[in-house]
Amino acid sequence: MNDAIDVSGLTKAFGAAKALDGFDLRVRTGEVHGFLGPNGAGKSTTIRILLGMVRADSGTVRLLGGDPWAAATELHRRLAYVPGDVALWPNLTGGEVIDLLGRLHGGQDRKRRDELIARFELDPRKRSRTYSKGNRQKVALVAALSADVELLILDEPTSGLDPLMEAVFRDVIAEEQRRRDRTVLLSSHILSEVEALCDRVTIIRDGRSVESGTLTELRHLTRTSVQAEVADSADGLTGLSGVHQLVVEDGRVRFDADPDALGAALGVLADAGVRGLVSHPPTLEQLFLRHYQGAAADSAAAAAAAQEAR
Amino acid sequence: MSAMAGTATLARLVLRRDRWFLPLWTVFPAFVLLVFVGAFNGAFPTAESRVEYAETSLHNAAFTVTYGALQGPGLGELVTWRAGFLPVVLALISLLVMLRHTRVEEEAGRRELVAATAVGRNAAMAAALVVVCSAGAVLGALCALGLMASGLPTTGSWAYGLGITAVTWTFAAIGALVAQVTTETGSARVLGVVVIGLAFLARGVGDVSAQTGGSLGWLSWVSPISWAALPRPFSGERWWPVAVFVVVIALLIAAAVALSARRDLGGGVLHPRPGPAEAGPRLRSPVALAWRLQRGGLIGQAIGAVIVGGAVGGIAVSIGALMTRAAAGRELLERLGGPGTVIDQYLAGMMMLLGVLSCAFAVHTLLRMRVEERDGRAELLLAGPVDRLRWAAGHLAFALLSGAVVVVGAGTAMGLGLGAATGDPSQVPRVLAAALVQLPAAWLFTGLAFGLLGWLPRWAAATYAVALVSLFFGWISGELAPDLWIRNLSVFEHLPKLPGGAFTPVPLAVLTVAAAALVAAGFLGLRRRDLAPG
């Protein structure tokens, strides 16, 4: 009962296309859980199964202790959802939609609603057809966040928001996190957002969970990208294990370093008379790239082995 | 009952979204009946004149196909018979409103937003059914009250109201079922309209067959369109068909609920197959894209037109044959102008329906352009090196083609059907020519829609309303009040009544020129105005 969401061995195929292939996910009650994956990895399918809108072919799903397909309505009273691509009724105003969704939930905190509308700078009197994607998203966010629920399921909720509003969103979620009585499942493909907000992360690829754990636990996956300007040559980097994609061109050095190798690499740079240094955490792309490359290499090796055996 | 949770709130949403349209179509049938009561009282004030009118109408097969079987010469019988197009209109409205609140919502992704709240799996369908069926009950009651207020017997009035309500409920249930089967709104609408078309055809063939002593009379029983007439309002009411209605409606709803409980949200019973991974070599222009979007519809329309045309042409002969059978019929036939005239009269009536159909298809095809714009897909396209006018011209071309496909397909099939039955191949060009005469009406409404797209894009769909009003003016005046000025407002009444009637080129030329002017105005507007998504 400690887990808000417990999914194991989930599979789902749409005709011949396999969307989920033995997927596992555990979200503990009270945490903000990041759900990362590239487009088409199965994030939205998973969420739809969690919402009881799509039935899994096999595997077990427990959501707030219940079966999301069989007890969809009862469970939905205890959760709120923001779709990735929010569609609204063109001739209803944003305020009308927020109240409608609130009523359907069976209760809404009016003060919180008004406060959120103000914070997101949403004009609730405009008709939905005139809203941009970001404003439609705000409507769904205000409706979800002002509902009195235990679980928030957010599917790429910031994809249409401007940086200012994204900051407001982060603040609001951080407040939720401090309350510790709400669980949030946040699907995203923006690593920095997940890093800023989430306690734990699950990474999905090709319908399978490839990694799951706290961000610190996932650090082994991450390499720091470093760019430096040096006075002398930084040849010491060449032999260093844990330094990858090294490029040296007249006084400039670029490389990616594993966490363990970072200290040694910076030592080399310091000895070489570093004059400028830019480093940034690995992007999700790099992370996925590594996983994809791994998978591609594996299957190439398997194919070669099969060739050999013949 | 948790599958129904939230139904009341969702029903309020349906009411909110349809707050203008719903009252309109609820009042509409009673209004039509009152207009007909007035028209019949004015045109045929005496019992003798009504008997004579009934006698001739009984032998006009075009009337029987369009309105159903006339039961007798009483005012109530005449009015409810002449309003026999109402069940078709109500069937269409009930079905489309059901789809609007079920499958359309699902395809647009709004259902997902709602389904994630504490709302039951069947709540959306239940809410739409509750609203449409309530509207059906109210409009049936209004019909009954309207007829009673006109001085007609109470029993007959309520029998008619009940029948009309049964038609609305049945097609609401069919709409609920169809929404479960397909994943796309477009295919759901097509499927539903095909069901209505078949029901209409079945009533026509069944009633004509029953009147002529044929063996296909049972078809009227299968067709829900004819259910409004089954309780026999004003001519010896019978109530047991109501039990049949209740059973059929319950079965349809049960089937829809069963399907809804099994399928995924957004999915249907029929799975769409995966398409090609790469675009075909011809998909390289806006016109090619328009063809890609429209071709399925065009092919379907062509097939449907040929089937309906063939059936309409095929039964034409039996109409002439049946009337020579009875001696009384033979005498009447002489008075009406002989078997050839009777068949021509029937075909001319059918041509008018064909004209209306071709208008509907042409306008529907053109409005695809508006949907593209509204949903922001035109923006995507026109952001590329695509000329706006050429993009619009492509859609216009397909609209005109769509109207022509229906007319040519059905006209040829009608001619072939008649030619095969009479052994006279010269019928084919004669009937086809009579069909082609309908095209300028389709052009006019296409032009109107295009003009609106150029200047008031959000109002383009109002073309349907203008066409309906135009049709309605002809329908309530027609042979009942040929001198009525509103008859002149009906585009369809100005077309030559072919085959059989005189060919008058002037109205055709006027319509064509007006259509061209509207298209030109449309292009002018399109060049100036902003794109209007949303």
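First to last, the sequence lines map onto chains A and B. Reminder that position 147 of the first sequence reads as 147 in the UniProt record's numbering, one-by-one numbering, no gaps. Reminder that position 460 of the second sequence reads as 460 in the UniProt record's numbering, one-by-one numbering, no gaps. The beta carbon of each residue, even a glycine, is placed where N, CA and C say it ideally should be. Model, not experiment: these values are computed from the prediction.
Between residue 253 of chain B and residue 173 of chain B, the C-beta gap is smaller than 8 Å, which places the two residues in contact. Not a single C-beta of chain B is nearer than 8 Å to the C-beta of residue 164 of chain A.
If only complete runs of 3 or more residues are kept, the region 170–255 of chain A shows the beta strand (DSSP E) at 183–188, 200–205, 208–214, 224–230, 243–249, in order along the chain. Taking all protein chains in view, the Cβ of residue 497 of chain B is crowded by 16 or more other Cβ atoms within 10 Å, so the residue is classified as buried. Chain B places no beta carbon closer than 8 Å to that of residue 33 of chain A, leaving this residue out of the contacts. In this chain, the alpha helix (DSSP H) harbouring residue 47 of chain A covers 43–50. Between the alpha carbons of residue 259 of chain A and residue 265 of chain A lies a gap of roughly 10 Å. Within its own chain, the residues whose Cβ lies closer than 6 Å to the Cβ of residue 80 of chain A, once the five positions on either side in sequence are excluded, are 144, 147, 149, 152, listed in chain order.
Distance between residue 247 of chain A and residue 268 of chain A, taken at the CA atoms: about 15 Å.
In the three-state scheme derived from DSSP, where H, G and I count as helix and E and B as strand, residue 62 of chain A is classed as strand. Within the DSSP secondary-structure output, residue 108 of chain A pairs in a beta bridge with A:147. Residue 193 of chain A has its alpha-carbon roughly 57 Å from the corresponding atom of residue 356 of chain B. Closer than 8 Å to the CB of residue 184 of chain A there is not a single CB belonging to chain B. Cβ-Cβ distances below 8 Å link residue 62 of chain B to 345, 346, 347, 348, 349, 350 in the same chain, with the five nearest sequence neighbours on each side left out; the list follows chain order. Counting only Cβ-Cβ distances below 8 Å, residue 63 of chain A has no contacts in chain B at all, with the closest Cβ about 12 Å away.
The alpha-carbon separation between residue 119 of chain B and residue 507 of chain B amounts to approximately 56 Å.
Chain-order list of chain A residues neighbouring residue 9 of chain B: 100, 103, 104, by C-beta distance under 8 Å. In the structure shown, residue 235 of chain B adopts coil according to DSSP, grouped into three states.
In the DSSP assignment, residue 280 of chain A falls within the unbroken beta strand (DSSP E) covering 274–280. Not a single CB atom of chain A sits nearer than 8 Å to the CB of residue 260 of chain B. Note on geometry: alpha-carbon atoms of residue 225 of chain A and residue 43 of chain A lie some 28 Å from one another.
For residue 531 of chain B, the CB contacts under 8 Å within the same chain, skipping 5 residues up- and downstream, are 373, 378, 379, 382 in chain order. For residue 85 of chain A, at least one C-beta of chain B is nearer than 8 Å to its own C-beta.
The continuous stretches of beta strand (DSSP E) do not include residue 59 of chain B, and DSSP gives it neither H nor E. Annotated as proximal: residue 100 of chain A and residue 13 of chain B, with beta-carbon spacing under 8 Å. In summary, residue 364 of chain B is buried, with 16 or more beta-carbon neighbours lying within 10 Å of its beta-carbon over all protein chains present.
If you ignore the 5 residues before and after residue 314 of chain B, its C-beta comes within less than 7 Å of the C-beta of 417, 421, all in its own chain and listed in chain order. When secondary structure is reduced to three states using DSSP, residue 27 of chain A falls in the strand class. At a C-beta separation below 9 Å, residue 54 of chain A has these neighbours in chain B: 264, 265, 266, 267.
Here residue 105 of chain A is buried: its Cβ has 16 or more other Cβ atoms, across all protein chains shown, within 10 Å. Taking the beta carbon of residue 112 of chain B as reference, the chain A residues within 7 Å of it are 53, 83, listed in sequence order. Close to residue 490 of chain B, with beta-carbon spacing below 8 Å, lies no residue of chain A; the smallest spacing is near 31 Å.
Contact between the region 150–169 of chain B and the region 182–192 of chain A is not established, with fewer than three Cβ pairs separated by less than 8 Å.
The residue from A:53, A:254, A:209 with its alpha-carbon nearest to that of residue 263 of chain B is A:53. The alpha-carbon of residue 462 of chain B is positioned some 38 Å away from that of residue 247 of chain B.
DSSP, read as helix, strand or coil, puts residue 217 of chain B in coil.
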